[in-house]
Amino acid sequence: MKGVATVAAILAAAGAGLWAGQTGLLRLPLDSPSAVRNIPAPGGRGRVIYYQDPDGRPFYALTPKTTDSGRPYVAVHASEDVSFDAPKTAPAAPSADAAPGERKILYYRNPMGLPDISPVPKKDSMGMDYIPVYEGEVEDGTSVRISPGKIQRTGVKTETVGKRPMTRDIRVPGIVELDERRISVVAPRFDGYIEKVGPVTTGTHVKQGQPLMTAFGQELLNQSARLLVEQDLGSSSDELPRSLRGQPSRVSGIVGARRRLRNLGAPEAFIDEVKRTRRVPDAIAWPAPLSGVVLERNAVDGQAFKAGDVLFRIADHSVVWVMAQVAEGDLGTIEPGQAVKVTTRAHPGRVFTGKVAVVYPHLMKETRTARVRIELPNPNLALLPDMYTDVDIVTGSGDAVVAVPRSAIIDSGERQIVILDRGEGRFEPREVKLGRTGDNYVEALTGIQDGDRVVTEGNFLIDAESNLQAALKGMTPKETKPVPSKEASQ
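In case it helps, our numbering puts the sequence shown at residues 25 to 514.
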């Protein structure tokens, strides 16, 4: 604040000296024809450091303000600081009666974009000058011409339309689940007792065929003994002893023992061992039906069980499912077989690849999403059940189509518009019909062609400009009268 006060004091002193010299109180070389009031010329460089009275009087302000008559103070930039040199006179705006080769002012339009025009220069209610509209800036109803300076100030950028494949990555959350086809249970089909449980606990990884327990079952032993009798008598009537031929009632209890053992769930290895050794063991070693992780163990030493009791539950984790929740609007782009990438927080930087297996045919009404099942291999058992994942589904096809950047589209709800760059400051709004949507591009079915240039930044300003000029054109008489000069209007 102390520095600002010092600058203000210096400026005030300098301005007072200028005003004194200009009003005759102080005779300096400033009275020479080349000396003019020190009003900064437009187009200064650097930041605005203060504001000066528009008539050159020694009145200054650190913030924008107006005189008692409503005229705004002039901004003084860093390059226009106090100077006793005569500033360069700004070129006067071309008048309606401009000489040949100079642009002609047709009218002045409201600076805020309101449909209000004036044949003479004026200010709006906020003190802003109306903007002159020159001859040549008003085009026909299909295009608009904008000066290069305005294009640069508004930051207009364009891009050439081309053909490209329309692909889009759908990123959704997912949860790891077990493949329900890879879950198995150990549930004997006979009553019995458990003699001994192997070194298997919940969470233990077992291999297919590994003994889980040894169990005793009387029915299993009875059928094993019958198997030996069947083996002795032969499996067909021709192999039966002559005394038993023609007596099916006596043979029915012997033939079919192997099938009964299979119905009781006896392993093939057990049946083959009985036939090979011709000995019925007291207990059977029950093997694991598949390789996997023990999810549940309900067996203890000496326990009795009934037929159908689940003693072990085992799951194969080598392949798992990821259930992804996909929004309703994206379901039309997802099909079985599409490639999927899955990442997890537990393994940052590691990507698991799989494919879409099933798109479930119903929505969850609470979230308006559908479940999509993804199958993917699970090496080293890195993916665990109920683990959260990030799913990236690659949709679309590799066929190249005419596509426009998404930022180039002006969507009014009823129609979609793009702004075509015709060159030399001419722009033309064009209605388009859109198709599939990609990551950053949208397929254009009609309206534009390969090679057209469209506006990607600043298109809303150009659209507003074209709408404004169309409105002003409707308000402007066909024969525009010459605009009187400012002096004549005064």
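For every residue, glycine included, the Cβ atom is placed at its ideal position computed from N, Cα and C.
The alpha helix (DSSP H) spanning ASP256 covers which residue range?
242 to 257
Span of the alpha helix (DSSP H), counted from its first residue to its last, around PHE83
Element bounds for PHE83: n/a, residue is neither H nor E.
Cα-Cα separation, PRO143 to ARG95:
20 Å
I'd like to check one pair, GLY289 with ARG213: are the Cβ atoms closer than 7 Å?
Against a cut-off of 7 Å, the Cβ pair of GLY289 and ARG213 comes out as a contact.
Three or more C-beta pairs under 8 Å: does that hold for the stretch 425 to 440 against the stretch 452 to 468?
Taking one beta carbon from each stretch, the stretch 425 to 440 and the stretch 452 to 468 have 3 or more pairs nearer than 8 Å; the two touch.
Touching or not, the stretch 232 to 248 and the stretch 199 to 208, by the rule of three or more beta carbon pairs under 8 Å?
no
Is ILE170 helix, strand or coil by DSSP?
coil
Just mark ALA117 as buried or exposed, buried being the case when its beta carbon has 16 or more other beta carbons within 10 Å.
Residue placement at ALA117 is poorly supported in this model, since its pLDDT is 46, which falls under 50; the coordinates still yield a value, given next. Flag for ALA117 reads exposed.
Measuring only the C-alpha atoms, how far is GLU467 from ASP476?
14 Å
Whole angstroms are fine: how far does the CA of GLN349 sit from the CA of THR357?
14 Å
Which residues in the same chain have their Cβ closer than 6 Å to the Cβ of GLY39, if we skip the five residues on either side of it in sequence?
Because the pLDDT at GLY39 is just 49, under 50, the model does not fix this residue reliably, and the value given afterwards should be weighed accordingly. Excluding residues within five positions, the ones whose Cβ falls inside 6 Å are PRO82.
Can you look up VAL418 in the DSSP assignment and give me helix, strand or coil?
strand
Do the stretch 360 to 377 and the stretch 334 to 341 touch if we need at least three Cβ pairs shorter than 8 Å?
no
Chain-order list of residues whose beta-carbon lies under 8 Å from that of ASN287 (same chain, five-residue window excluded):
So the qualifying residues of the chain are ARG213.
Please state if the CB of ASP325 and the CB of VAL396 are separated by a distance shorter than 7 Å.
Taking 7 Å as the Cβ cut-off, VAL396 and ASP325 do not qualify as a contacting pair.
ARG450 versus THR182, TYR75, GLN327 and ALA85, residue with shortest Cα-Cα distance:
THR182
Per DSSP, which residues does TYR74 bridge with? Please list them.
VAL100
Beta carbon of LYS389 nearer than 7 Å to that of VAL375
no
Of the residues ALA99, ILE417 and LEU251, the one placed nearest THR87, counting alpha carbons only
ALA99
Indicate the three-state DSSP secondary structure (helix, strand or coil) for ASP153 in the structure shown.
strand
Return the CA-CA distance between SER261 and GLN255, expressed in angstroms with no decimal places.
Only weak support is given to the placement of SER261: the predicted model assigns it a pLDDT of 39, under 50, and the question is left unresolved by the model.
Considering only residues of the same chain and omitting the five flanking positions on each side of LYS379, which have a CB-CB separation below 8 Å?
PRO360, GLY361, GLN362, ALA363, VAL364, ILE398, GLU399 and LEU400
Considering only their Cβ atoms, is the gap separating MET347 from ILE194 smaller than 7 Å?
no
Considering only the alpha carbon of each residue, which of TYR217, THR228, PRO189 and LEU251 lies closest to ALA239?
TYR217
When you compare only the Cα positions, how much space is there between ILE295 and ASP215?
Across the structure, ILE295 and ASP215 are spaced so that their CA atoms are roughly 18 Å apart.
DSSP state of ASP463 mapped onto helix, strand, coil:
coil
Over what stretch of residues does the alpha helix (DSSP H) that includes LYS379 continue unbroken?
Per DSSP, LYS379 belongs to no alpha helix (DSSP H); it is in the beta strand (DSSP E), 376 to 388.
Check each candidate in GLU448, GLY471 and PRO409 and name the one with the smallest Cα separation from VAL428.
Cα-wise, what sits closest to VAL428 is GLY471.
DSSP puts GLU594 in a beta bridge; with which residues?
Lying before the first or after the last residue shown, residue 594 is absent from the chain, which here runs from 25 to 514.
Straight-line Cα distance separating GLY151 from THR178:
22 Å
What residue from GLY482, GLN242 and PRO189 has the CA that sits closest to ALA307's CA?
Nearest option by C-alpha distance: GLN242.
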